[in-house]
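S.K.: In full-length UniProt numbering, the protein residues as written are 1 to 367. Glycine residues also receive a C-beta, built at the ideal position from the N, C-alpha and C atoms.
1. Cα separation between residue 152 and residue 87?
2. How would you write the range of the alpha helix (DSSP H) that residue 234 sits in, first residue to last?
3. Is it buried or exposed for residue 275, if we count other Cβ within 10 angstroms and need 16 for buried?
4. Taking residue 14 as the reference, which of 47, 30, 125, 325 has the closest Cα?
5. For my contact list, residue 399 and residue 207 are in at a C-beta cut-off of 8 Å; report their separation, rounded to the angstrom.
6. Please classify residue 215: is it buried, with 16 or more other beta-carbons within 10 angstroms of its beta-carbon, or exposed?
7. Less than 9 Å between the C-beta atoms of residue 120 and residue 94, yes or no?
8. If you measure from the beta carbon of residue 263 to each beta carbon in chain C, is any gap under 9 Å?
9. Go through its chain and collect everything with a Cβ distance to residue 320's Cβ below 7 Å, but skip five positions before and after it.
10. Out of 118, 132, 50, which one is the CA nearest neighbour of residue 141?
11. If you count every other CB in all the chains shown that lies within 10 Å of the CB of residue 263, and 16 or more means buried, which is it?
12. In the structure shown, what three-state DSSP assignment does residue 363 receive?
13. So, for residue 115: in the same chain, excluding its five sequence neighbours on each side, which residues have a beta-carbon less than 7 Å away from its beta-carbon?
14. Between the alpha carbons of residue 307 and residue 289, how many angstroms are there, rounded?
15. Just confirm the distance between the C-beta atoms of residue 79 and residue 54, as a whole number of angstroms; I'd bet it's less than 8 Å.
16. What does DSSP give as the partner residues of residue 61 in its beta bridges?
17. DSSP on residue 189, reduced to helix/strand/coil?
18. For the alpha helix (DSSP H) holding residue 308, just list the boundary residues, first then last.
19. Starting from the N-terminal side, write out each stretch of the beta strand (DSSP E) that is 3 residues or longer and does not extend beyond the segment 120-181.
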């Protein structure tokens, strides 16, 4: 008996657009350009299916695109395709909250046919007063939009037996099971009042520090590998092991400081980067000084720069916190670094202002 299989190729892409100083854009449009059509436009991004490329970009209209929508932010998706036929697809538009969660704002409820050159306008994308009221949607005065586009290609029919398909995440799922069951574990960690078991081979593969520790001759002569952990809480060490096995972390924002310490100590760079980003996203007036101390202690140069910029932005509020006063005593060199950065920013601003002033001087005064 003969057989064949028909499949539709699918291309899915996700594009993130981060708009900083959102309130400034809004104020400029409302106070100086009270007309519809004032917009920001994202750079282009692309999808490719059936050998044909489609170019996309996004636009935000702060006063709406029509007069009756002046209290709304309008949103537009533009596309330009190499295909002669309509592009068939779907879209989802999200706004990212301060905790990283995506909030679905609008989506296509059915397949849409995009023409060779077309635009899709959403007049009432988000009400201005609603988005300004929700602080979590504008963390640090930043609006983050994610546009998810799914494009369908032409049906493709192929003869012959159905190819064997392998589960995409089978290996990860197997390691998750191994982490949960700890079957055949061969090393014991004593953490506080808990015994936490693990697998020597996985630890050696993931960390050069564990590799050196577990290959030690004294440990090799012992029947049972027992390691005392005195500088971490049991639940933090448990999450640390979860990442080693699965590259996943639960409750990251709760444990980010302690996990940064663990990542630095055991030289797991990916976890260190993840913790740095989490600390950056959680920056506020109260924790800024403590975060800067952590970034300095564990050599996180990008986090140091971001945190110093944050402190200079909210200067007096941060300086009056207990964390800042403690930092002045324990890490005085960071106070110097903060003032240096502030002076550089002011010097740069002054040079730019003088340059603008020279450019605006009438020719008659220059002669």
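M.R.: Taking the geometry as given:
1. 7 Å
2. 234-246
3. buried
4. 47
5. Here the chain has residues from 1 to 367 only, and residue 399 is not among them.
6. exposed
7. no
8. Of the protein chains in the structure, only one exists, and it is not chain C.
9. none
10. 132
11. buried
12. For residue 363, the pLDDT reaches just 43, beneath the cut-off of 50, and the residue's location in the model is therefore unreliable, leaving the point undetermined.
13. 86
14. 8 Å
15. 6 Å
16. 39, 74
17. strand
18. 301-313
19. 143-159
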